[in-house]
Amino acid sequence: MLTILFDGIAYGMLLFILAVGLSVTMGLMNFINLAHGAFAMVGGYVTVVLMQRFDVPFMWTLPLAFGVAALLGAVLERTLYRPMYKKPHLDQVLFSIGLAFMSVATVDYLVGSQQQIMQLPEWLRGRTELWDGALGMGHYRLFIIAVCAALTVGLQYVLSQTRFGSRLRASVDDPRVAAGLGINTNTVFAVTFAVGSGLAGLGGALGAEVLGLDPTFPLKFMVYFLIVVAVGGTSSITGPLLAALLLGVADVAGKYYIPKLGAFIVYSLMIALLIWKPQGLFVRKGGK
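Taking my numbering, the leading residue of the sequence shown gets 13, the next gets one more, and so forth.
Okay, structure coming up:
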C-alpha cells in the first residue's frame, strides 16, 4: 500500500506540472487552451530526439525542453492565440482543439506513430526498498517528486510574493485599470503563456518514460489535464496540486486493485468532488 501511495504521489506531481499551465491560462487568463498537451508533447520529443540522435545527457535536455516549449508558446501566443482572447469560449475550444489535432498529424508525419523509448541515466534506474519491502521507491519517481515539489514552491512564491505575480493578478482582475496604472498587460500575458507552455514541455520531458510518448499524447491526456483544472479550481496553485495528487493516487490504486474499473474510479471521484465543490477545491476571493 505504501508503494502504491508513493507511486500515486509521483504520478500526481507529474500531472500537476503538466496541467498547471492550463490552470493558469484558463483561470488567470480566462482562455480555454485544449492544445495545452501539444506543448507537453513537444517537450517530450525534444528530450527523446536529443538523447537518441545527439547523445545529449538527460539532465541537459530538461531545460532545453522547457525553453523550446516556452519559445513555441510565446510565438503562438503572439501570432495565433492573442486574437482569440476576446472570442467566445466555444470559438476558443474549436480553435485550440484544431491545433491539437494538427500537432498530432504533424508529429506523426515527421517522427512516426511508434512509441518512443527513452533510456534513463543509470543513477535514476532501480528502486530502494525500505522497511523490509513495505515501501519500494523508484529512483526516477523520487526524482520526479523532488523536481515537481521545487517547481511548485517556486510557482507559489512567484505568484504570491513577487511584483510580476501582483501585476498578473491585477491584469486578470481588471485589465483596463491595470493598463491605466502602467502595466503592459500584453507582455504579462505573453510571459505567463510562455512559462505555462514551458512547464508543460518540462512535464512532457519528465513524463515521457512514465506516461509513454507517441503522437496521440495531447489527446490521450487531455481529459486528465481538464480533471485537474476542474476539480482543483483555476484561481490558485494549491487547488490543482491537491486535485492532481488525488487523481494520481486514485488512478494508480484503482488500476492496481481493480484494473477493470480503474478509470471508473477516477471519474467517480471527479463527479463527487464537483458535486461537493462546483467551483473547484479552492477559489480566489475577488477574482473573476
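We put the CB at the ideal spot given by N, CA and C, even for glycine.
Please read all numbers here as calculations on a predicted model, not as lab measurements.
By the Cβ-count criterion, Phe78 is buried, with 16 or more other Cβ atoms from all chains shown falling within 10 Å of its own Cβ.
If you keep only unbroken alpha helix (DSSP H) runs of at least 4 residues inside the stretch 192-226, you get 197-223. Contact check between the stretch 38-53 and the stretch 259-267: fewer than three CB pairs, one atom from each, fall below 8 Å, which does not count as touching. Considered as a whole, the stretch 29-83 harbours 48-66 as its complete alpha helix (DSSP H) runs of no fewer than 4 residues, in chain order.
Taking the C-beta atoms as reference points, Ala50 is found no nearer than 8 Å to Ser125.
Judged by DSSP secondary structure, Gly148 falls within the beta strand (DSSP E) whose first and last residues are 147-150. In the same chain as Tyr268, and ignoring 5 residues on each side of it, the C-beta atoms closer than 7 Å to its own belong to Ile16, in chain order. Gly110 sits away from Phe205, with the two beta carbons spaced by 8 Å or more. Counting other Cβ atoms within 10 Å of its Cβ, Ser178 stays below 16 and is therefore classed as exposed. The C-beta separation of Gly251 from Leu30 comes to about 16 Å, leaving the pair out of contact by the 8 Å criterion.
In the DSSP annotation of this structure, the continuous segment of the beta strand (DSSP E) that includes Arg139 starts and ends at 139-142. Shown here, Thr228 sits in coil according to DSSP, grouped into three states, outside any helix or strand. With respect to the 8 Å criterion, Val36 and Gly208 are classified as neighbours on the basis of their beta carbons.
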